[in-house]
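Undergrad: Would you mind keeping the following structure in view while I ask a few things?
Number of protein chains: 2
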Amino acid sequence: MSKPVTPLLTVDAVILFNNKKEIVLIRRKNPPFQGQLALPGGFVDIGETVEFACIREAKEETNINVKIHKLIGVFSSPDRDPRGHTVTVAFLCEPVSKKEKPKALDDAASLEIVALSEIQSMQLAFDHMDIVKKSGILNS
Amino acid sequence: MSKPVTPLLTVDAVILFNNKKEIVLIRRKNPPFQGQLALPGGFVDIGETVEFACIREAKEETNINVKIHKLIGVFSSPDRDPRGHTVTVAFLCEPVSKKEKPKALDDAASLEIVALSEIQSMQLAFDHMDIVKKSGILNS
Numbered sequence: 001m002s003k004p005v006t007p008l009l010t011v012d013a014v015i016l017f018n019n020k021k022e023i024v025l026i027r028r029k030n031p032p033f034q035g036q037l038a039l040p041g042g043f044v045d046i047g048e049t050v051e052f053a054c055i056r057e058a059k060e061e062t063n064i065n066v067k068i069h070k071l072i073g074v075f076s077s078p079d080r081d082p083r084g085h086t087v088t089v090a091f092l093c094e095p096v097s098k099k100e101k102p103k104a105l106d107d108a109a110s111l112e113i114v115a116l117s118e119i120q121s122m123q124l125a126f127d128h129m130d131i132v133k134k135s136g137i138l139n140s
Numbered sequence: 001m002s003k004p005v006t007p008l009l010t011v012d013a014v015i016l017f018n019n020k021k022e023i024v025l026i027r028r029k030n031p032p033f034q035g036q037l038a039l040p041g042g043f044v045d046i047g048e049t050v051e052f053a054c055i056r057e058a059k060e061e062t063n064i065n066v067k068i069h070k071l072i073g074v075f076s077s078p079d080r081d082p083r084g085h086t087v088t089v090a091f092l093c094e095p096v097s098k099k100e101k102p103k104a105l106d107d108a109a110s111l112e113i114v115a116l117s118e119i120q121s122m123q124l125a126f127d128h129m130d131i132v133k134k135s136g137i138l139n140s
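So the protein sequences, as listed, match chains P and Z.
The numbering of the first sequence is my numbering, which starts it at 1 and goes up by one.
The numbering of the second sequence is my numbering, which starts it at 1 and goes up by one.
Quick look at the structure:
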């Protein structure tokens, strides 16, 4: 049997910050959605779990060491990424301590820490607004 | 940028049957775990959502039209599939009606409908027992 071809796999992190009143977004350095705000995240490497990939990508892009609070969901619409079919596993995360120092790194041109009350008026890359809404953090 | 290489993506279905007292397992026709019992499932095709893939694979292997009740979780341990790193998205499902006629098809050599009370004494392929336990159906 030939090796199956399946969608690419990514992770995205909704990182709660400042006593859960804010979340951490990055401004994308590269296409697609270059210059737009997005959740930190990226491709899952062969040999790592999706949880590990999420923690790694959060650190690589925001300098924040995170722990995973819960799985938000799996987002797999074939048209969600203009580069081709990409399925993302999204997690709700928190910094491991209050001493974490957010800093834009890697694929992040800059970093924005946004109040939950402001999120819904913003435009996010990909289906990241759907992910934020599904996380439940805007409901309380 | 070269195209990223990520783990292969599959879906697996825990299909509740007979008023939620049983689940539907298949006996695997092909390696790995040939001849062992497993959850119905398979690779996600480019262009379909994970929910669609789950419903399609359930139908292809068991002849049952299912609806998805909930996401159980994402299982991504790098050693869970001896063929290479494969990440599975697992769903709890139910037949769309009581008229569904289970029948082993495709990758299923045979089909077994097993009482929930019997599951824990069985051995399942891959990490499928972890998936069944995580689904919560054994708790009540």
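Every residue, glycine too, gets a C-beta built ideally from N, C-alpha and C.
#1: Could you tell me how far apart the beta carbons of Z/LEU39 and Z/ALA13 are, in whole angstroms, since I believe they sit closer than 8 Å?
#2: Looking at the C-beta of Z/ILE157, does it have a partner C-beta in chain P at a distance below 8 Å?
#3: Shortest alpha-carbon distance to Z/LEU105 belongs to which of Z/LYS3, Z/VAL11, Z/ARG28, Z/PRO7?
#4: Return the residues of the stretch 77 to 108 of chain Z that lie within a Cβ-Cβ distance of less than 7 Å from chain P, sorted by chain order.
#5: Are there 16 or more other CB atoms within 10 angstroms of the CB of P/ASP115, so buried, or fewer, so exposed?
#6: How is the beta strand (DSSP E) around Z/SER97 delimited, first residue to last?
#7: What does Z/THR6 touch in chain P if you count any residue whose Cβ is under 8 Å from its own?
#8: How do the stretch 113 to 128 of chain P and the stretch 11 to 26 of chain Z stand: do at least 3 beta-carbon pairs fall below 8 Å, yes or no?
#9: Could you please tell me which residues of the stretch 59 to 74 of chain P, in chain order, have their CB closer than 8 Å to any CB of chain Z?
#10: Can you tell me whether P/GLY42 is buried or exposed, with buried defined as 16 or more other CB within 10 angstroms of its CB?
#11: Give the straight-line distance between the Cα atoms of P/SER97 and Z/GLU112, rounded to the nearest whole angstrom.
#12: Taking the straight line between their C-alpha atoms, what separation do you get for P/THR6 and P/ASN63?
#13: Drop a sphere of 10 angstroms on the beta-carbon of P/ALA90, count the other beta-carbons inside from all chains shown, and report buried for 16 or more, exposed for fewer.
#14: Using the Cα positions of Z/GLU94 and Z/VAL66, report the straight-line distance between them to the nearest angstrom.
#15: Note the first and the last residue of the continuous alpha helix (DSSP H) segment covering Z/HIS128.
#16: Along the chain, where does the alpha helix (DSSP H) that runs through Z/VAL50 open and close?
#17: Just the C-alpha distance for P/ARG80 and P/PHE33, rounded to the nearest angstrom, thanks.
#18: Report yes if the CB atom of P/THR49 is closer than 8 Å to the CB atom of Z/SER76, and no otherwise.
#19: Please name the residue in Z/ARG56, Z/GLU60, Z/GLY84, Z/ASP45 whose C-alpha comes closest to that of P/GLY47.
#20: Per DSSP, which residues does P/THR10 bridge with? Please list them.
#21: Pick helix, strand or coil for P/LEU16, following the three-state DSSP scheme.
#22: Here's the rule: buried if 16 or more other CB atoms are within 10 angstroms of the residue's CB, otherwise exposed. What is P/ALA58?
#23: Using the Cα positions of P/SER110 and P/LYS103, report the straight-line distance between them to the nearest angstrom.
#24: So with CB distances below 7 Å, who are the chain Z contacts of P/VAL50?
#25: Need the endpoints of the beta strand (DSSP E) that Z/SER110 sits in, please.
#26: Please report the Cβ distance between P/PRO4 and Z/LEU71, rounded to the nearest whole angstrom; I am assuming they are in contact, meaning their Cβ atoms lie under 8 Å.
TA: A quick look at the data gives this:
#1: Separation of the CB atoms of Z/LEU39 and Z/ALA13 is rounded to 6 Å, and the pair is thereby assigned contact status at 8 Å.
#2: Residue 157 of chain Z is absent from the model: chain Z starts at 1 and stops at 140.
#3: Of the candidates Z/LYS3, Z/VAL11, Z/ARG28, Z/PRO7, the residue whose Cα lies closest to the Cα of Z/LEU105 is Z/ARG28.
#4: Answer in chain order: SER77, PRO78, HIS85, VAL87, VAL89.
#5: The residue you asked about is not Asp; residue 115 of chain P is Ala in the sequence shown. Answer is exposed; the Cβ neighbour count stays below 16.
#6: Looking at the DSSP string, Z/SER97 is not in any beta strand (DSSP E), and its letter there is neither H nor E.
#7: At a C-beta separation below 8 Å, Z/THR6 has these neighbours in chain P: LEU8, LEU9, THR10, PHE43, VAL44, ASP45, ILE46.
#8: The stretch 113 to 128 of chain P, when compared against the stretch 11 to 26 of chain Z, does not touch it at the 8 Å Cβ threshold.
#9: The residues in question are LEU71, GLY73, VAL74.
#10: P/GLY42 counts as buried, since at least 16 other C-beta atoms from the protein chains shown sit within 10 angstroms of its C-beta.
#11: Using only the alpha carbons, I get a separation of about 49 Å.
#12: So the two alpha carbons sit approximately 31 Å from each other.
#13: By the neighbour-count rule (16 or more Cβ atoms within 10 Å), P/ALA90 is buried.
#14: Taking the straight line from one Cα to the other gives about 5 Å.
#15: Unbroken alpha helix (DSSP H) run through Z/HIS128: 128 to 135.
#16: Per DSSP, Z/VAL50 belongs to the alpha helix (DSSP H) from 50 to 62.
#17: If you take the alpha carbons of P/ARG80 and P/PHE33, they lie about 12 Å apart.
#18: P/THR49 is a Cβ neighbour of Z/SER76, given a cutoff of 8 Å.
#19: Nearest option by C-alpha distance: Z/GLY84.
#20: DSSP, once it has assigned bridges, lists P/PHE43, P/THR88 as partnering P/THR10.
#21: For P/LEU16, the three-state secondary structure derived from DSSP is strand.
#22: Under the 10 Å beta carbon count, P/ALA58 is surrounded by 16 or more other beta carbons and is classified as buried.
#23: For P/SER110 and P/LYS103, the distance between alpha carbons rounds to 8 Å.
#24: Within 7 Å Cβ-Cβ: VAL74, SER76, VAL87.
#25: First-last of the beta strand (DSSP E) with Z/SER110: 108 to 115.
#26: Actually they are not in contact, since the Cβ atoms of P/PRO4 and Z/LEU71 sit about 22 Å apart, beyond 8 Å.
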